[in-house]
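One structure is given below, encoded as structure tokens.
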Amino acid sequence: MPTRKENSKDLIDLLRRMWLIRAFEEKVSALYAERQIVGLLHLGIGQEAVAVGTCSLLRPDDYVFGGHRSHGHALAKGADVNRLMAEIAGRATGYCGGKGGSMHIVALEAGFVTATGVVGGTIPLALGAAFAAKEKKQGQVAVVFFGDGAGQAGPFHESLNIASLWRLPVIFVCENNGYAEFTPLSAHTKVERLAQHAKTYDISSSTVDGNDLLAVRTAISKALGKTRAGTGPVFVECLTHRLRGHYEGDPAKYRELSQLTQWKSKDPVARFTRLLKSKKAITDNELQAIESEARSRAEQAAEFSLSSPWPAEEEVATQVTADLP
Amino acid sequence: MPEQTYLEAIRAGLHEEMSRDSSVYVLGEDVALGGPFGVTKGLSEGFGVHRVVNTPISEGTVMGLAIGAATAGLRPVVEIMFIDFITLAMDQLVNHAAKLHYMSGGQLKIPLTVRVQCGISGAMGAHHSQSLESWLAHVPGLKVVMPSNPADAKGLLKAAIRDDNPVIFIEHRGLYRTRGKVPDGDHLVPIGRAAVLREGKQVTIVALANTVGVALAAADELAGGGISTEVIDPRSISPLDVETIVESVKKTSRMIIVHEAVEKGGIGAEITATVQEHALYYLDAPILRIAAPFAPVPASPSLEKQFLPNQACIVKAVRKLFG
Ligand SMILES: Cc1ncc(C[n+]2csc(CCOP(=O)(O)OP(=O)(O)O)c2C)c(N)n1
Chain A
31 MPTRKENSKD LIDLLRRMWL IRAFEEKVSA LYAERQIVGL LHLGIGQEAV
81 AVGTCSLLRP DDYVFGGHRS HGHALAKGAD VNRLMAEIAG RATGYCGGKG
131 GSMHIVALEA GFVTATGVVG GTIPLALGAA FAAKEKKQGQ VAVVFFGDGA
181 GQAGPFHESL NIASLWRLPV IFVCENNGYA EFTPLSAHTK VERLAQHAKT
231 YDISSSTVDG NDLLAVRTAI SKALGKTRAG TGPVFVECLT HRLRGHYEGD
281 PAKYRELSQL TQWKSKDPVA RFTRLLKSKK AITDNELQAI ESEARSRAEQ
331 AAEFSLSSPW PAEEEVATQV TADLP
Chain B
45 MPEQTYLEAI RAGLHEEMSR DSSVYVLGED VALGGPFGVT KGLSEGFGVH
95 RVVNTPISEG TVMGLAIGAA TAGLRPVVEI MFIDFITLAM DQLVNHAAKL
145 HYMSGGQLKI PLTVRVQCGI SGAMGAHHSQ SLESWLAHVP GLKVVMPSNP
195 ADAKGLLKAA IRDDNPVIFI EHRGLYRTRG KVPDGDHLVP IGRAAVLREG
245 KQVTIVALAN TVGVALAAAD ELAGGGISTE VIDPRSISPL DVETIVESVK
295 KTSRMIIVHE AVEKGGIGAE ITATVQEHAL YYLDAPILRI AAPFAPVPAS
345 PSLEKQFLPN QACIVKAVRK LFG
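Protein sequences appear in the order of chains A and B. First residue of the first sequence? That's 31 in my numbering, and the numbers climb one at a time after it. First residue of the second sequence? That's 45 in my numbering, and the numbers climb one at a time after it.
Structural data, given as structure tokens:
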């Protein structure tokens, strides 16, 4: 349960944010199936509660870093729907003018500093933003999202050590979705709960149900309390599952159907909806309006993107360095 | 103009930039204690250990941290103790520092300086003697400079720190104790501009870092034999000052490139290809490279000596060009 009493308006707003991400990614998936969007796409459908539960508590000037599965993180931090989808579609109107793409989103105006195509690669970057924030004393924190697969990478361990040593205001959000590509966590490490590593480095940590929006919010809210107070980093492990394949087009044969069914029953959007209904915090009409508004925003983003121009040819080798021409 | 050693000039450059701009931070192993060569000696006393930061031995993560700090408004200077260990930070340098400006469509800037020491000297063997500059120069988005004297060391370092891009500043440890005049005041050397250190008419020698001194000595010797030699120090290998080199070759019609890195795939290959594109018909002889053999750097002092390009081989190669 959240630390402060949430009123229904706040709760409905959280649902709205999750729906926006869900509708956005379902639209991206549909466009990919039609070959209107190409590339290597990793969707976070099923993991929206982590993104929204975390980013809904952040300040606009807090720094967020993501990975290869980060459309939802950027949206949750406030990235513009149109510019984000246009970027994924490789258009000139995208956040990065089409030079970044799905795995390298940067939406600086929203405080989404960068994603990366290198697993674990942004964990050190978040430390750097936290280091700068600490030096500037403006109270910002840095948050980095990464998967369980990153937990066996060197930079992960080096980063936990340094963040702890220097008491950096960084929150590590590990989305433990049980798989790295096609391989279950148990085949990559004997360490079942990645929060265990935080203990090694003397970092305060918790493991929560990542499909329970309010549980994520509670953990992040506590983490922010500590981090903003200057006591150093916090590690939050969110147990979750992706409902799509590793990438669009992955038939995910490595996953038992029963497992998928079980996780579908814990779909964070449906689950939070049930909670709101049981609390009588939302009506069926309101629910429908939220879903259709999200879907229409995704449709509009698709129209905007597909009607946007491709980047101009000469853009291929501009902005290689930050020099004035 | 006061005389300084190469090492003192670098230290003075760091000191001046840290005084001028409070967003400049120095990070690296033992830097707050002066570092193994003493370059950062005294800095932590002047600026505090919060700006001259000792790091654990985590090159990759420290590099990433510096890149992240650069996205958030700092101008970090990271020291990598030996260029051999930049291998551990290559992921962050190549995938993030070099590309974030481009991949973000210009939203992000990475004003990062990486000070790294290289060079063959002191029989330190294969893990403390490499020359990896051409790896770095191959990556779009990274600038790479290699000063050969105290004045350039100071001026290029200050320019690197003020640059809004990642700049790899390669220091040659064989030069740390060499002395030279360093201009007073706010001395800056623009990145991407070569220096013609000796003018000549019949052959151009392009040399890097420690080999510049060797090339100048060879030029003296050749002058005794009646061969007029021009010596160019590119100073920056990315961007490379193609114009200065090409103009020189058009004048002299002969060129030799000298570096400590292995010949195969070295920066000499890039210079050769560029010069033939722009000045093939001016050439009276093939372009020669004098560089290390395609082997790791040996530890034995006698083999190390053999490994290095020396004055005698430069003189011999130039004479060969004249038939
Ligand atoms: C350094 C690196 N190695 C390998 C890959 C290929 N790869 C892409 S995603 C992935 C699995 C990542 O798993 P996890 O970190 O758990 O994130 P998830 O995909 O589950 O969100 C791998 C191995 C990569 N992108 N980067």
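The beta-carbon is built from N, C-alpha and C at its ideal position, and this holds for glycine as well.
task = With 8 Å as the limit, tell me which residues of the stretch 172 to 197 of chain B have their beta carbon closer than that to any beta carbon of chain A; keep them in chain order.
result = Result list: Pro184, Gly185, Lys187.
request  = Report buried or exposed for leucine 324 of chain B, applying the criterion of at least 16 other Cβ atoms within 10 angstroms of its Cβ.
outcome  = That one is exposed.
task = Compile a chain-ordered list of the residues in the stretch 140 to 157 of chain B whose CB is closer than 7 Å to at least one CB of chain A.
result = Cβ contacts with chain A come from His140, Leu144, His145, Tyr146, Met147, Ser148, Gly149, Gly150, Gln151, Leu152, Lys153.
task = Run the CB neighbour count on leucine 287 of chain A, radius 10 Å, all protein chains shown included, and call it buried at 16 or more, exposed below.
result = Leucine 287 of chain A sits exposed, since fewer than 16 C-beta atoms from the chains shown fall within 10 Å of its C-beta.
task = Return the CA-CA distance between serine 88 of chain B and phenylalanine 302 of chain A, expressed in angstroms with no decimal places.
result = Roughly 53 Å separates the two Cα atoms.
ask   = Contact check, arginine 197 of chain A vs glycine 102 of chain A under 8 Å by CB: the rounded distance?
value = Not really, about 29 Å apart at Cβ, beyond 8 Å.
query = Going by other Cβ atoms of all chains shown within 10 Å of its Cβ, with 16 needed for buried, is histidine 303 of chain B buried or exposed?
reply = Around the beta carbon of histidine 303 of chain B, 16 or more other beta carbons lie within 10 angstroms, which makes this residue buried.
ask   = Considering only residues of the same chain and omitting the five flanking positions on each side of serine 132 of chain A, which have a CB-CB separation below 6 Å?
value = So the list reads Gly69, Leu71, Ile118, once near-sequence residues are dropped.
query = In three-state terms, what does DSSP make of histidine 303 of chain B?
reply = Note: histidine 303 of chain B maps to strand in three-state DSSP.
ask   = Would you say asparagine 315 of chain A reaches chain B, if we count a Cβ-Cβ gap shorter than 8 Å as a contact?
value = Under the Cβ criterion of 8 Å, asparagine 315 of chain A is not counted among the residues facing chain B.
Neighbour flag for phenylalanine 161 of chain A against chain B, beta carbons, 8 Å = Yes, phenylalanine 161 of chain A lies at the interface with chain B (some Cβ there is under 8 Å from its Cβ).
message = Going by DSSP, what residue range makes up the beta strand (DSSP E) through tyrosine 69 of chain B?
response = Its beta strand (DSSP E) spans residues 68 to 72.
task = With 8 Å as the threshold, decide whether the Cβ of isoleucine 201 of chain A is near any Cβ in chain B.
result = Judged by the 8 Å Cβ criterion, isoleucine 201 of chain A is not in contact with chain B.
request  = Can you have a look at phenylalanine 338 of chain B and say buried or exposed, based on whether 16 or more other CB atoms are within 10 angstroms of its CB?
outcome  = Around the beta-carbon of phenylalanine 338 of chain B, fewer than 16 other beta-carbon atoms lie within 10 Å, marking it exposed.
request  = Provide the residue span of the alpha helix (DSSP H) that contains serine 282 of chain B, from first to last.
outcome  = That residue, serine 282 of chain B, is in no alpha helix (DSSP H); its beta strand (DSSP E) goes 280 to 282.
ask   = Along chain B, which residues have their Cβ under 9 Å away from the Cβ of serine 189 of chain A?
value = Within chain B, the residues near serine 189 of chain A are Ser102, Thr105, Gly108, Leu109.
query = Is there at least one Cβ from chain B nearer than 8 Å to isoleucine 192 of chain A's Cβ?
reply = Isoleucine 192 of chain A has a beta carbon lying within less than 8 Å of a beta carbon in chain B.
request  = Can you say whether leucine 347 of chain B is buried or exposed, counting buried as having 16 or more other CB atoms within 10 angstroms of its CB?
outcome  = With a 10 Å radius around the Cβ and a threshold of 16 neighbouring Cβ atoms, leucine 347 of chain B comes out exposed.
task = For histidine 28 of chain B, name the three-state secondary structure that DSSP assigns.
result = A query on residue 28 of chain B cannot be resolved here, the shown segment of chain B reaching from 45 to 367 and no further.
query = When the Cα atoms are used, what is the spatial distance from glycine 236 of chain B to alanine 335 of chain B?
reply = Rounded to the nearest angstrom, the gap between the Cα atoms of glycine 236 of chain B and alanine 335 of chain B is 22 Å.
task = Flag glutamate 60 of chain B as yes when its Cβ comes closer than 7 Å to any non-hydrogen atom of ligand 1, and as no otherwise.
result = No, the beta carbon of glutamate 60 of chain B sits no closer than 7 Å to any heavy atom of ligand 1.
inquiry  = Classify valine 346 of chain A: buried if its beta carbon has 16 or more other beta carbons within 10 angstroms, exposed otherwise.
reply    = Here valine 346 of chain A is exposed: its Cβ has fewer than 16 other Cβ atoms, across all protein chains shown, within 10 Å.
ask   = Just to confirm, are valine 188 of chain B and isoleucine 164 of chain B a CB contact at a threshold of 8 Å?
value = It is not a contact, given that the beta carbons lie outside the stated cut-off.
message = Within 8 Å, do at least three Cβ pairs link the stretch 260 to 272 of chain B to the stretch 174 to 183 of chain B?
response = Contact between the stretch 174 to 183 of chain B and the stretch 260 to 272 of chain B is absent, because fewer than three Cβ pairs lie under 8 Å.
ask   = With 16 as the cutoff for other CB atoms within 10 Å, does phenylalanine 186 of chain A come out buried or exposed?
value = Looking at its Cβ environment, which holds 16 or more other Cβ atoms inside 10 Å, phenylalanine 186 of chain A is buried.
Complete runs of the alpha helix (DSSP H) confined to the stretch 304 to 336 of chain A [at least 4 residues] = The stretch 304 to 336 of chain A contains these whole alpha helix (DSSP H) runs: 314 to 336.
task = Determine the contact status of phenylalanine 142 of chain A and isoleucine 153 of chain A, defining contact as a CB-CB distance below 8 Å.
result = No. Outside cutoff.
key: Cβ separation of threonine 99 of chain B and glutamate 73 of chain B, assumed to be a contact under 8 Å, to the nearest whole Å   = Confirmed, about 6 Å.
key: Unbroken beta strand (DSSP E) run spanning leucine 332 of chain B, endpoints   = Here the beta strand (DSSP E) through leucine 332 of chain B covers 332 to 336.
key: Minimum Cβ-Cβ distance from glycine 415 of chain B to chain A less than 8 Å   = For chain B, the structure presents residues 45 to 367; residue 415 of chain B sits outside this window and is missing.
Chain-order list of residues whose beta-carbon lies under 7 Å from that of isoleucine 54 of chain B (same chain, five-residue window excluded) = Only Val83, Ala197, Lys198, Leu201, Glu215 meet the Cβ criterion.
query = Taking the Cβ atom as the reference point for each residue, do glycine 127 of chain A and proline 341 of chain A lie within a distance shorter than 8 Å?
reply = Yes. Within cutoff.
task = Check whether the Cβ atoms of valine 158 of chain B and isoleucine 124 of chain B lie closer than 8 Å to each other.
result = In this structure, isoleucine 124 of chain B lies closer than 8 Å to valine 158 of chain B by Cβ.
ask   = DSSP state of glutamine 355 of chain B, grouped into three classes?
value = Correct three-state label for glutamine 355 of chain B: helix.
ask   = What does cysteine 126 of chain A reach in chain B if we use C-beta pairs closer than 9 Å?
value = Correct list: Tyr146, Met147, Ser148, Gly149, Gly150, Gln151.
message = Could you check whether proline 214 of chain A and glycine 208 of chain A sit closer than 8 Å to each other, using their CB atoms as the reference points?
response = It is a contact, given that the beta carbons lie within the stated cut-off.
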